[in-house]
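Numbering (the UniProt record's numbering), first residue to last: 1 to 698. Please read the structure below before turning to the comments.
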Amino acid sequence: SEPCLVRFEVLLESPLQSFRAEVRLTDINDHSPTFLNKEIVLKMPESTMPGTRFLLESAHDPDVGNNSLQHYSISSNEYFHVYTQQRNDGGRYAELVLDRALDREQQAEVAFIITAVDGGTPPRSGTALIRVIVLDINDNIPVFTKTLYKVSVMENRSQDTIVMVVSASDLDAGTNGEIVYSIIQNSEENLQTFKINPETGQIRLKKPLDYEEKKTYEIDVQATDGGGLSTHCKVEVQVKDVNDNAPELIITSLTSTLSETAPPNTVVALFNVRDRDSGDNGRTTCELTGEQPFRITLLAADAYALVTSETLDREQVEEYNVTVRARDEGSPALSARKTLLVRLLDVNDNAPTFTQAVYTMVMSENEPAGRSLGRLSATDPDAGENARVRYALVPPQTGTLAAASFVSVDAESGTVHSLRPLDYEKVTAFEVTVRAADGGSPPLSAQAVLRVVVRDENDNAPVLLHPAPDSSAAGELVPRWAPSGYLVAKVVAVDADAGQNAWLSYELAKATEPGLFRVGLHSGEVRTARAVTERDAARQRLIVLVRDRGQPSRSATATLAVALVDGFSEAHLRVSEEAPAAEPDGPLTLYLIASLVCVSALFLATAVTAAVVKVRGARRNETGTLPTFPTSATESTAGSLPRSYVYDVCFAAGTVNSEFRFLRPLFPCFPAGLPPGPGEQRSSVCSQDAANLGAEGD
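Below, the structure is given as structure tokens:
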């Protein structure tokens with residue numbers, strides 16, 4: 001084809017520009033003209049008039065331009081010369097012109113050489129032999145109705161479709177009037193594309209036409225009568241375009257991976273769109289299918305760029321299948337699609353996130369080190385190293401309790417382990433801060449609070465406050481007239497544990513007379529279960545069991561020695577009188593003597609203390625101040641002795657026999673004008689000999 005061009009595009013970046021270029025191939029004279037038939041036979045009646053022209057078979061030269069066929073020449077003869085003519089498409093053909101009348105009687109056949117010469121340097125040529133056979137007189141030649149036939153054919157016509165019907169007539173009769181049609185073999189392409197019925201003149205397609213390959217065909221048709229006379233006409237076939245070619249998408253550049261931080265208008269791909277059709281059938285448009293953060297920008301004619309239209313986030317969409325569709329404007333429209341895979345590269349733009357702001361875990365006290373307490377969990381929506389989460393404890397601030405020394409956190413799994421046993425009585429709970437950091441650069445992190453609650457174990461037995469655990473037995477005096485429910489003593493105990501492990505219950509484990517006394521289950525108060533009678537033994541020994549509710553439970557015992565007396569002096573004298581009667585050498589006598597000494601010393605100390613307290617209270621009253629009452633563990637609700645049962649013992653100065661008289665429980669005495677507290681009763685029982693001292697104390 002001429003011109004022979006190779007077109008391409010040059011795309012420049014920064015700034016993005018597109019240039020079109022083309023390479024023109026220059027022909028060289030490497031082909032010689034050739035005739036399809038090396039011998040051309042022409043039959044001419046002898047009546048042919050001088051000046052008559054005869055169309056000769058054209059030579060074929062595939063070169064173009066000056067290298068193609070330029071002119072024809074024939075060898076010297078006395079009858080003919082040749083003219084070189086040019087068609088509309090630039091092709092050249094030869095016409096043989098008769099110079100003088102033929103005379104079959106003088107010469108029945110004329111032969112000469114025709115030469116086709118191209119314009120190359122040096123020129124190339126091809127030859128064929130022309131034999132002119134002189135026929136007898138046939139004075140009419142066929143005549144076509146038109147010398148030029150024009151027809152338009154759609155390119156999608158199928159094989160054997162009728163293109164055109166040519167018609168010629170001959171006025172002669174007989175065989176001289178019979179016309180035969182033929183296509184002059186001036187082109188191999190015409191012979192491969194068209195065929196003609198020699199009798200009817202119908203021209204049909206041998207194969208479908210293709211507008212994109214060739215748009216116009218020129219066919220030379222010859223009509224020959226039975227006498228050998230012939231004439232010719234031209235048939236021009238215009239091929240009409242049909243939208244039979246879909247657009248073509250040609251990707252010239254593609255970035256398959258893109259950072260999620262790429263700004264808008266980042267170029268992802270460059271591509272061209274081509275449609276071999278013409279007119280509206282060849283005009284194309286491009287678009288994207290679906291909602292995606294991309295758009296198409298027109299760079300030049302049929303050159304496009306795929307760019308980002310907004311910011312990207314890999315955590316929402318990891319990759320995009322971008323479908324580009326090109327569609328022409330034909331009817332019906334044809335389209336083509338191409339899908340581009342664009343993967344997003346992760347950037348460390350997300351910090352780890354804990355599933356909880358505060359994690360609460362429980363560990364038992366005295367639990368051995370290395371025990372797993374639970375697991376922390378943090379997630380990071382990034383990928384790769386940016387999503388690899390590592391856990392660590394945040395170092396405590398200066399001066400704070402180093403709670404981080406109690407537990408450790410596995411850096412990879414987030415599992416929390418204890419580092420040492422803990423004592424609930426010292427540490428009930430503690431908090432540490434845990435940091436989760438990813439593996440990005442720079443790393444991002446988040447923090448959560450880990451609260452560890454120490455669960456109490458029943459590892460502490462009840463501790464007796466009253467009676468003191470180091471005393472062998474506490475001595476209590478009960479008058480013989482004591483009714484049922486009379487308060488004898490109160491066992492006070494505490495438990496260092498918590499919750500159920502510290503709930504204490506009291507019970508009478510052993511007694512000299514089990515039916516005489518009872519113990520409050522929760523108060524620890526020892527009271528008479530019935531009225532004291534004369535038949536009851538003067539000395540009673542009680543063992544009170546104090547038990548917590550832990551599993552397993554722990555317990556302690558308190559021993560109380562109770563003496564039933566009519567009065568304090570009688571009890572003292574009775575003890576003094578009965579002491580010599582006992583066997584001096586027996587162990588029971590030693591125990592009784594030791595018990596009496598302890599009881600006497602205890603009461604003496606109590607009396608002295610009470611007297612001192614009353615004297616100080618009286619002095620405070622004189623100065624107008626209120627008395628101060630102890631607020632020690634005796635006011636505890638865990639089973640301690642309440643204020644209602646503080647005992648007061650008064651001494652009379654100059655008491656010879658050191659008489660003690662059992663006193664009922666009383667409340668503290670208040671100055672004049674100051675009423676007792678809620679639920680308290682004012683009571684004071686003193687010996688007759690100490691009336692003045694007791695009155696002053698009240």
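Where is the CB? At the ideal position from N, CA and C, for every residue including glycine. Keep in mind it's a predicted model, so treat the numbers as computed, not measured.
Thinking C-alpha only, which one of the options is nearest residue i?
i: GLU95; options: GLU155, ILE114, LEU312 and ASN366; result: ILE114
i: ALA596; options: GLU476, TYR486 and TYR506; result: Contrary to the premise, residue 596 reads as Leu rather than Ala in this sequence. The candidate whose alpha carbon is nearest that of LEU596 is GLU476.
i: PHE517; options: VAL562, PRO552, SER553 and ALA493; result: VAL562
i: PRO479; options: HIS466, VAL151, ARG527 and LEU504; result: ARG527
i: VAL268; options: ILE183, ASP302, SER167 and THR255; result: THR255
i: VAL143; options: ALA446, ALA357 and VAL180; result: VAL180
i: THR145; options: VAL235, LEU135 and LEU229; result: VAL235
i: VAL342; options: ASP349, LEU306 and PHE8; result: LEU306
i: TYR486; options: LEU465, GLU212 and VAL519; result: VAL519
i: THR533; options: ARG554, ALA509 and ASP566; result: ASP566
i: ASP275; options: GLU105, ASP244, SER259 and TYR304; result: ASP244
i: THR121; options: VAL434, HIS81 and ASP63; result: ASP63
i: residue 736; options: GLU412, SER413 and LEU393; result: Nothing in the structure corresponds to residue 736, since the chain is present only between 1 and 698.
i: LEU545; options: TYR320, ALA537 and SER523; result: SER523
i: GLU178; options: ARG157, GLY201, VAL23 and GLY515; result: GLY201
i: PRO3; options: VAL23, LEU16 and SER18; result: VAL23
i: ARG124; options: GLU199, LEU69 and GLY91; result: LEU69
i: LEU249; options: ILE196, GLY227 and ALA326; result: ALA326
i: SER32; options: TYR359, TRP503, ASN66 and ALA101; result: ASN66
i: VAL317; options: VAL273, GLN17, TYR304 and ASP382; result: ASP382
i: ALA446; options: ASP118, THR379, TYR83 and ASP495; result: THR379
i: GLU162; options: VAL237, THR360, VAL608 and ALA403; result: In the sequence as displayed, the identity of residue 162 is Ile instead of Glu. For the residues VAL237, THR360, VAL608 and ALA403, the minimum Cα distance to ILE162 belongs to VAL237.
i: GLU291; options: TYR320, LEU11 and VAL82; result: TYR320
i: GLN159; options: LEU135, LYS195 and VAL82; result: LYS195
i: ASN77; options: SER58, ASN37, VAL117 and ARG131; result: ARG131
i: MET154; options: GLU188, LYS207 and ASN197; result: LYS207
i: ASP302; options: TYR217, ARG283 and ARG157; result: ARG283
Please return the same chain residues whose Cβ sits closer than 6 Å to the Cβ of residue i, not counting the five positions on each side in sequence.
i: THR323; result: THR289, ARG337 and THR339
i: PRO483; result: ALA531
i: ASN88; result: none
i: GLN222; result: SER182, ILE184, SER230 and HIS232
i: LYS215; result: VAL239
i: ARG314; result: GLU260, LEU344 and ASP346
Who are the near neighbours of residue i in its chain, counting only those whose CB is closer than 7 Å to its CB and skipping five residues on each side?
i: SER14; result: none
i: ASP456; result: GLU365, TYR424, ASP497, ALA498, GLY499 and ASN501
i: PHE8; result: ALA21
i: ALA369; result: SER418, LEU419, ARG420 and PRO421
i: ALA461; result: ARG554, SER555 and ALA556
i: GLU578; result: In this prediction, GLU578 has a pLDDT of 44, which is less than 50 and means its spatial position is unreliable; what the coordinates show is noted afterwards. If we look at GLU578 and ignore the five residues flanking it on each side, it has no Cβ neighbours.
i: THR360; result: ARG451 and VAL453
Taking 8 Å as the limit between beta carbons, can you name the residues of its chain near residue i, skipping five residues before and five after?
i: LEU521; result: SER505, TYR506 and GLU507
i: GLU310; result: PRO264 and PRO293
i: residue 706; result: No answer is possible for residue 706: it lies beyond the span of the chain, which begins at 1 and ends at 698.
State the CB to CB distance for the pair residue i and residue j, rounded to an integer number of angstroms; the pair is presumed to be in contact (CB under 8 Å).
i: ARG53; j: VAL110; result: Going by Cβ atoms, the distance from ARG53 to VAL110 rounds to 16 Å, so no, they are not a contact pair.
i: VAL432; j: LEU376; result: Not really, about 11 Å apart at Cβ, beyond 8 Å.
i: VAL347; j: THR266; result: That belief does not hold up - the Cβ atoms of VAL347 and THR266 are roughly 14 Å apart, past 8 Å.
i: THR252; j: PHE271; result: 6 Å
i: LEU229; j: ASN140; result: 7 Å
i: ILE219; j: ASN190; result: 6 Å
i: ILE133; j: LEU42; result: 7 Å
Just list the residues that DSSP pairs residue i with in beta bridges.
i: VAL463; result: VAL494
i: ARG435; result: ALA392 and GLN447
i: TYR359; result: LEU450
i: PHE430; result: VAL452
i: residue 710; result: The question about residue 710 has no answer here: the residues shown for the chain are numbered 1 through 698.
i: HIS417; result: SER372 and SER408
i: GLY475; result: ALA561
i: ALA383; result: According to DSSP, which records beta bridges pairwise, ALA383 is partnered with nothing at all.
i: VAL23; result: VAL6
i: THR34; result: HIS60
i: SER595; result: In DSSP, SER595 forms no bridge with anything.
i: SER441; result: Paired residues: none, contrary to the question.
i: ALA378; result: PHE354
i: SER600; result: DSSP lists no partner for SER600.
i: SER364; result: ARG455
Subject >> Minimum length 3: unbroken beta strand (DSSP E) runs contained in the UniProt domain "Cadherin" (145-249) >> reply: 148-154, 162-165, 180-183, 194-196, 202-205, 216-224 and 230-240
Original post:
Fully enclosed by the UniProt domain "Cadherin" (478-582), which beta strand (DSSP E) runs are 3 residues long or longer?
Top reply: 487-490, 492-494, 504-511, 517-519, 525-528, 539-548 and 555-565
**OP:** Please specify which runs of the alpha helix (DSSP H), each continuous and at least 4 residues long, are wholly inside the UniProt domain "Cadherin" (36-144), giving them in chain order.
**Re:** none
**OP:** Pick out the complete beta strand (DSSP E) segments inside the UniProt domain "Cadherin" (250-354), 3 residues or longer, and give them in chain order.
**Re:** 257-259, 267-274, 284-288, 294-300, 303-308, 319-328 and 335-345
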